[in-house]
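Residue numbers (UniProt numbering): 1 to 165.
A quick write-up on the structure given underneath.
Shown next as structure tokens:
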């Protein structure tokens, strides 16, 4: 199963590692070509894509400019803020794309597993009478329930637990 997952996400891992050519200045022109090919539709949609030679020239200018930055191996957001959209349209769009890629899915998965545990817990502790009552309330949601009447009926019932002082 682990091998299957690794094989399934191999292409995406290669694409994500190709973004290093924009952020850290490492990587080569082949990494940039991978990004240009994979995100070609996004680049065309935003009017950024040019010919391959122009994109390569833009990448070389970006590498030269980032090597002049103090602390050039900074975060994606810092590079995005430094990147001028008019001068580097492809680089700017690719940095925007990598900035919105979620880092991990652990947070949503954690909340789903918490909800699953809560649902299982509620299923286990809810008695059949209460479950039936909740189902009826759900089915007949259009019937208005007067809160005061419900409280009066509950107040008239005898206690299930005796309090001894």
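Quick reminder that beta carbons are idealized off the backbone N, C-alpha and C, glycines included.
On a predicted model such as this, the values are computed, not experimentally measured, just so you know.
For residue 101, the first and last residue of its enclosing alpha helix (DSSP H):
No alpha helix (DSSP H) holds residue 101; DSSP gives it neither H nor E.
Per-residue DSSP class, three states only, for residue 142
coil
Determine contact between the segment 89-99 and the segment 29-43, defined as no fewer than three beta-carbon pairs at a distance below 8 angstroms.
yes
Which class does residue 198 belong to by DSSP, given the choice of helix, strand or coil?
Look at the range of the chain in this structure, 1 to 165, and you will see that residue 198 is not part of it.
Helix, strand or coil at residue 83 [DSSP, three-state]
coil
Given 8 angstroms as the limit, is there contact between the segment 51-63 and the segment 126-142, that is, 3 or more CB pairs closer than that?
no
Is it a yes or a no for the segment 74-93 touching the segment 17-26, going by three-plus beta-carbon pairs under 8 angstroms?
yes
Are residue 58 and residue 81 closer than 8 angstroms when you measure CB to CB?
no
Would you grab the beta carbon distance between residue 35 and residue 18 for me? Rounded to a whole angstrom, and I think it's under 8 angstroms.
5 angstroms
DSSP state of residue 52, grouped into three classes?
helix
Looking at C-alpha atoms only, which residue of 56, 164, 140 and 12 is the closest neighbour of residue 30?
56
Determine the direct distance from the alpha carbon of residue 150 to that of residue 134, and round the result to whole angstroms.
15 angstroms
Quick one: grab the DSSP three-state call for residue 77.
helix
Can you grab the Cα-Cα spacing for the pair residue 33 / residue 114, in whole Å?
42 angstroms
Note down, in chain order, each residue of its chain lying with its Cβ closer than 7 angstroms to the Cβ of residue 85, except the 5 sequence neighbours on either side.
92
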